[in-house]
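Numbering (the numbering used here), first residue to last: 2 to 168.
Take a look at the structure:
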């Protein structure tokens with residue numbers, strides 16, 4: 002994991018781009034907030050701006066491991082488990098917990114991304130990618146978030162923008 006590794010999340014394209022800063026890149030389809038973009042606590046929107054990966058949670062957990070309150074429950078998501086709990090917002094496999102770096106925009110007060118529990122995380126296999134559907138987080142396929150997790154360190158820069166231009 003190089004220190005110049007960074008992530009760029011493009012809301013309009015519903016894509017996350019990983020770059021190692023050495024010329025290697027990989028794009029992933031993601032799903033951001035169904036309610037669009039926004040910074041406010043309780044908005045269920047995906048926050049914009051510069052962030053860093055504050056914490057990496059779930060190293061070594063099995064694919065589709067279930068997390069509640071950032072703790073593994075011991076469950077593994079299956080369609081049957083999903084059917085038993087149809088309203089649950091599933092957080093699976095790995096968590097990259099984001100912290101904003103811009104005071105007043107995505108850090109501190111009512112706009113603090115970390116206090117809003119904004120993550121990049123795995124989601125059930127039946128959830129759509131490439132269109133907004135989350136409660137504010139950035140959802141990824143489980144295999145993709147596991148791949149990403151293995152290449153991202155705490156402190157990695159993450160830019161989230163509404164779409165179009167690279168940061």
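Every residue, glycine too, gets a C-beta built ideally from N, C-alpha and C.
Rounded separation between residue 148 and residue 123 - CA only
11 Å
For residue 102 versus residue 153, is the C-beta spacing smaller than 8 Å?
no
Measure the CB-CB distance between residue 32 and residue 129 and report whether it falls below 8 Å.
yes
Looking at C-beta atoms only, is the number of pairs between the region 76 to 88 and the region 17 to 27 that lie closer than 8 Å three or more?
no
Identity of the residues DSSP links to residue 54 by a beta bridge
99
Three-state class that DSSP yields for residue 48 in the structure shown
coil
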